[in-house]
Structure formats: C-alpha cells, structure tokens
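Reading the sequence shown from the start, the letters are residues 27 to 191 in our numbering.
Beta carbons are placed, not taken as given, at the ideal position from N, Cα and C, and that holds for glycine.
No experiment lies behind these values; they were computed from the predicted model shown.
Worksheet: one structure, shown below.
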Amino acid sequence: MPRHALSRLYSCTDRSPAVVSMNTTYDRDFYAWTQEQIALLQNRDFGAIDLPNLIEELAAMGRQEREQLIDRLGILIGHLLKWRYQPEMRTNSWIGTIREQRRRIQRLLKSNPSLKPFLSEAFAEAYPDGRDLAIQETNLADSILPETSPFTLEFILSDELEFSP
27 MPRHALSRLY
37 SCTDRSPAVV
47 SMNTTYDRDF
57 YAWTQEQIAL
67 LQNRDFGAID
77 LPNLIEELAA
87 MGRQEREQLI
97 DRLGILIGHL
107 LKWRYQPEMR
117 TNSWIGTIRE
127 QRRRIQRLLK
137 SNPSLKPFLS
147 EAFAEAYPDG
157 RDLAIQETNL
167 ADSILPETSP
177 FTLEFILSDE
187 LEFSP
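Have a look at this one:
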C-alpha cells in the first residue's frame with residue numbers, strides 16, 4: 027500500500043528504509059505532490075521526479091483495481107448465495123445489489139481489460155468473502171453454505187438469477 031494511504035489509515039512511526047524523508051511534499055500534502063509530479067512529467071523534467079514514490083503509487087493503483095474486482099465479486103457471490111439458500115427472504119434489494127455488482131464488474135473489466143486473465147483467481151479469492159457475507163447477513167449455519175462455490179464464473183457474470191449446474 028502506498029505510504030500516503032498508510033499514513034491516512036494508521037498513525038505509524040515505523041518507516042520503511044526505501045521511503046524518502048518525512049520532509050517531502052509527498053509526506054506533507056499528497057495532492058500537492060501529485061500536481062508537482064504531473065508538472066514535472068509535462069515539462070519532461072525527469073531528473074526532478076520523485077521516482078520511488080511515483081513507482082509505489084503506480085503499483086498501488088494496479089493493486090487497487092485487482093482488489094476492487096475481488097471485492098465486487100465477493101459482494102455479488104454473497105448475494106447470490108443468499109438468493110439461493112434463503113429463497114423465502116428474497117427482496118428487490120438483493121436483486122438490485124446483484125445487478126449493480128454485475129454492472130460494476132463489467133465496467134471494471136471494460137476499463138481494465140488486462141484484469142480478464144485474473145478473473146478465475148479473483149473468483150476463487152472472492153468466494154470465501156462472499157460466503158462469509160452471506161453467513162453474516164442471513165444467520166445461516168456455516169455448514170449450510172458450501173466451502174467451494176456452487177456457481178461457475180460464467181453464471182456469476184451472467185444476467186441470470188437461478189443457477190443449475
């Protein structure tokens with residue numbers, strides 16, 4: 027995680043040796059730092075660019091896209107599990123969440139096509155989160171929901187609500 031995000035989440039005194047001193051604009055005012063880096067790039071002043079922090083921020087941006095895919099899949103899976111295993115409690119809210127997450131996943135994949143090869147891995151990583159969400163929100167016993175997904179990735183990304191293997 028980029029240092030600026032960590033400093034906003036935690037008041038941490040442990041400083042990584044790879045990170046520059048605390049007197050930089052990056053540490054004092056992240057937005058100002060971004061504007062400085064943009065201006066330096068536009069002016070092709072490559073020698074003045076804060077390369078270590080710029081690299082870290084770019085890497086973090088890529089990780090955020092992958093994490094967003096996993097998070098959205100987890101929410102979608104959780105609601106599909108609720109839909110399947112608690113049919114008597116079905117609501118329009120669940121349908122809305124299922125549709126919304128599917129649309130957001132499709133938009134994320136459209137704007138980041140290089141995430142498509144990661145889909146199977148993201149699906150596998152997201153299932154336990156979705157399962158936990160369904161358990162928390164339904165009070166179903168842990169033993170009722172399967173340890174592995176009863177759904178295929180194709181179904182998860184489809185417009186269907188009912189899954190038949």
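Around the beta carbon of phenylalanine 72, fewer than 16 other beta carbons sit within 10 angstroms, so the residue counts as exposed. In the DSSP assignment, asparagine 138 falls outside any alpha helix (DSSP H) and carries neither an H nor an E.
For a cut-off of 8 Å, the C-beta gap from threonine 123 to isoleucine 103 is around 11 Å, too long to register as a contact. In this structure the segment 102 to 118 lies against the segment 149 to 164, because at least three pairs of beta carbons, one per stretch, are closer than 8 Å. Cβ-Cβ distances below 7 Å link tryptophan 120 to His105, Lys108 and Trp109 in the same chain, with the five nearest sequence neighbours on each side left out; the list follows chain order. Within 10 angstroms of the beta-carbon of isoleucine 96 lie 16 or more other beta-carbons, which makes it buried.
In the displayed model, arginine 54 falls within a helix according to three-state DSSP.
Leaving aside the five residues that flank glutamate 151 on each side, the residues in its chain whose CB is nearer than 6 Å to its CB run, in chain order, Ile96.
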